[in-house]
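Asker:
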Ligand SMILES: Cc1cc2nc3c(=O)[nH]c(=O)nc-3n(C[C@H](O)[C@H](O)[C@H](O)COP(=O)(O)OP(=O)(O)OC[C@H]3O[C@@H](n4cnc5c(N)ncnc54)[C@H](O)[C@@H]3O)c2cc1C
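Residue numbers (our numbering): 13 to 376.
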């Protein structure tokens, strides 16, 4: 690596999505000398890469970051481009120092803090906040490797619209919100099948005219912590918002299957002993995080970050935006502000002193 220039800041934030911008808001209020490094060429670009028809499952009322409401009717469900536009506008409104086209390839501990390395330059900082997102590397199950070449396959990150797939019968694999939304969209133009490996708890999007998240907020459920009894139960089971297998089958004619177990050429075999020969497959089977570029003693035996509400045992190294970092809201637009405020307070308190943190409680 040819590093030509080293700059210094008090704090470096890695990632300019909602989490990076939310912490940026607080750091700016504290008058910190900081920068936000973002791989993409616009803040919030991750949203533009999601499928064309994506609509949020949270209404606009619950999509605002600290200091700026999401614009428009608070009861509507914004599109992916509206979110990207909002995030870019947010960065501008608070004049946040986002450096675009700046991919961090390593964060290393060094005396007095960290060295943050990019291809063409490096930064030194006493404190680093990792806000690179909870959904990074697409994951597909081993059965994807067995599928014959005649079948067009893609992960949900590559799916844009029905035109992404060939004509003919399609299979979506994955019983989460992404799988359900994509299957529903495809069902309008072709024979669509959905493979559900494990059922998620279905919740209606609106109850008695109010958004589901109004209830989760009012009852305090959205802020139940990951170490509480109810939090542990909730974090162990994902929720399916605004749909049910029955609705998908009866209203949209999507045929349901059990878990996809193996493939034999172009035939997919499911756990419920059904089989299918699709022309195309969308793997809506999730993501894993990749923190392999961080060189600090903060990982457990399974490479998960050990932290307590985003605070690691490596002095000055923090995370923000992890799934269930603290509560169900930790990785959601409308609630990431709670953890952002907390981490900003930790950053301010640690300032130049960097004591070893309290015992960590969870790994993500
Ligand atoms: C399909 C889908 C639908 C969702 N719908 C909703 C919803 O309706 N409501 C809701 O509240 N939440 C929703 N979420 C959850 C959550 O809001 C999003 O995942 C959100 O993008 C997470 O924000 P983030 O800032 O933590 O991470 P990201 O948005 O992933 O941002 C991380 C940023 O870090 C950058 N980055 C990564 N690595 C590096 C690096 N090495 N160097 C520099 N930059 C880097 C990336 O380019 C990216 O811009 C949804 C998630 C998905 C996947």
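Heads up, the beta-carbon is just placed ideally off N, CA and C, and yes, glycines get one too.
#1: Is it the case that the Cβ atoms of residue 160 and residue 278 are separated by a distance below 7 Å?
#2: For the stretch 50 to 138, which segments carrying the alpha helix (DSSP H) assignment without a break, of at least 4 residues, lie completely within its bounds, in sequence order?
#3: Going straight from the alpha carbon of residue 330 to that of residue 115, what length do you get?
#4: Roughly how many whole angstroms lie between the Cα atoms of residue 318 and residue 157?
#5: Let me make sure I understand the geometry here. Which of 245, 51, 192 and 324 has the alpha-carbon closest to that of residue 269?
#6: Quick one: does the C-beta of residue 133 sit closer than 6 Å to a heavy atom of ligand 2?
#7: Please classify residue 223 as buried or exposed, where buried requires at least 16 other C-beta atoms within 10 Å of its C-beta.
#8: Using CA coordinates, which residue listed in 311, 239, 91 and 103 is at the minimum distance from residue 339?
#9: Could you tell me the alpha carbon to alpha carbon distance between residue 80 and residue 337, rounded to whole angstroms?
#10: DSSP puts residue 277 in a beta bridge; with which residues?
#11: Using CA coordinates, which residue listed in 117, 206 and 53 is at the minimum distance from residue 284?
#12: Could you check if residue 351 is buried or exposed, using at least 16 other CB atoms within 10 Å of its CB as the buried criterion?
#13: Pick from 346, 332, 194 and 296: whose alpha carbon is nearest that of residue 150?
#14: What are the boundary residues of the alpha helix (DSSP H) that residue 331 is part of?
#15: Where does residue 370 sit, in a helix, a strand or coil, going by DSSP?
#16: Distance, Cα to Cα, residue 83 vs residue 100?
#17: Confirm the yes/no value for this check: CB of residue 202, any heavy atom of ligand 1, distance under 6 Å.
#18: Tell me whether residue 115, by its Cβ, gets closer than 6 Å to a heavy atom of ligand 1.
#19: Does DSSP put residue 257 in a helix, a strand or coil?
#20: Please confirm whether any heavy atom of ligand 1 lies closer than 6 Å to the CB of residue 145.
#21: Whole angstroms are fine: how far does the CA of residue 342 sit from the CA of residue 229?
#22: CB residue 213 to CB residue 258, shorter than 7 Å?
#23: Could you tell me the alpha carbon to alpha carbon distance between residue 93 and residue 123, rounded to whole angstroms?
#24: Should residue 88 be listed as close to ligand 1, given that the test is whether its C-beta is under 6 Å from any heavy atom?
#25: So what does residue 292 bridge to, in DSSP terms?
#26: What I want to know is whether the C-beta of residue 47 ends up closer than 6 Å to one or more non-hydrogen atoms of ligand 1.
#27: Quick check on the burial criterion: 16 or more other C-beta atoms within 10 angstroms. Buried or exposed for residue 19?
#28: Could you check if residue 326 is buried or exposed, using at least 16 other CB atoms within 10 Å of its CB as the buried criterion?
#29: Using three-state DSSP, classify residue 300 as helix, strand or coil.
#30: Could you tell me which residues DSSP pairs with residue 46 in its beta bridges?
Answerer: On the basis of the supplied data:
#1: Taking 7 Å as the Cβ cut-off, residue 160 and residue 278 qualify as a contacting pair.
#2: Taken in chain order, the complete alpha helix (DSSP H) segments of 4 or more residues contained in the stretch 50 to 138 are 57 to 60 and 92 to 105.
#3: Roughly 18 Å separates the two Cα atoms.
#4: Their Cα atoms are separated by approximately 32 Å.
#5: Taking each of 245, 51, 192 and 324 in turn and checking the Cα distance to residue 269, the smallest one comes out for 192.
#6: This structure simply doesn't include ligand 2; it includes ligand 1 instead.
#7: With 16 or more Cβ atoms within 10 Å of its Cβ, residue 223 is classed as buried.
#8: When each option's Cα is compared against that of residue 339, the closest is 239.
#9: If you draw a straight line from the Cα of residue 80 to the Cα of residue 337, it is about 23 Å long.
#10: Answer is 159, bridged to residue 277.
#11: Nearest of 117, 206 and 53 to residue 284, Cα basis: 206.
#12: By the neighbour-count definition (other C-beta atoms within 10 Å, threshold 16), residue 351 is a buried residue.
#13: 296 is the residue among 346, 332, 194 and 296 whose C-alpha sits nearest the C-alpha of residue 150.
#14: No alpha helix (DSSP H) holds residue 331; the beta strand (DSSP E) holding it covers 329 to 331.
#15: With a pLDDT of 43 at residue 370, under the threshold of 50, the modelled position of this residue cannot be trusted, and the question is left open.
#16: Rounded to whole angstroms, residue 83 to residue 100 spans 13 Å at the Cα level.
#17: Not one heavy atom of ligand 1 falls within 6 Å of the beta-carbon of residue 202.
#18: Checking the Cβ of residue 115 against ligand 1 gives yes.
#19: Helix at residue 257.
#20: For residue 145, the shortest separation between its Cβ and any heavy atom of ligand 1 lies below 6 Å.
#21: For residue 229 and residue 342, the distance between alpha carbons rounds to 13 Å.
#22: It is not a contact, given that the beta carbons lie outside the stated cut-off.
#23: Going from the Cα of residue 93 to the Cα of residue 123 covers about 42 Å.
#24: With a cutoff of 6 Å, residue 88 does not count as near ligand 1, since its C-beta is closer than that to no heavy atom of the ligand.
#25: Paired residue(s): 164 and 182.
#26: No, ligand 1 has no heavy atom inside 6 Å of this Cβ.
#27: With a threshold of 16 other beta carbon atoms within 10 Å, residue 19 falls short and is exposed.
#28: Residue 326 comes out buried.
#29: In this structure, residue 300 counts as strand in the three-state DSSP scheme.
#30: Partner(s): 23.
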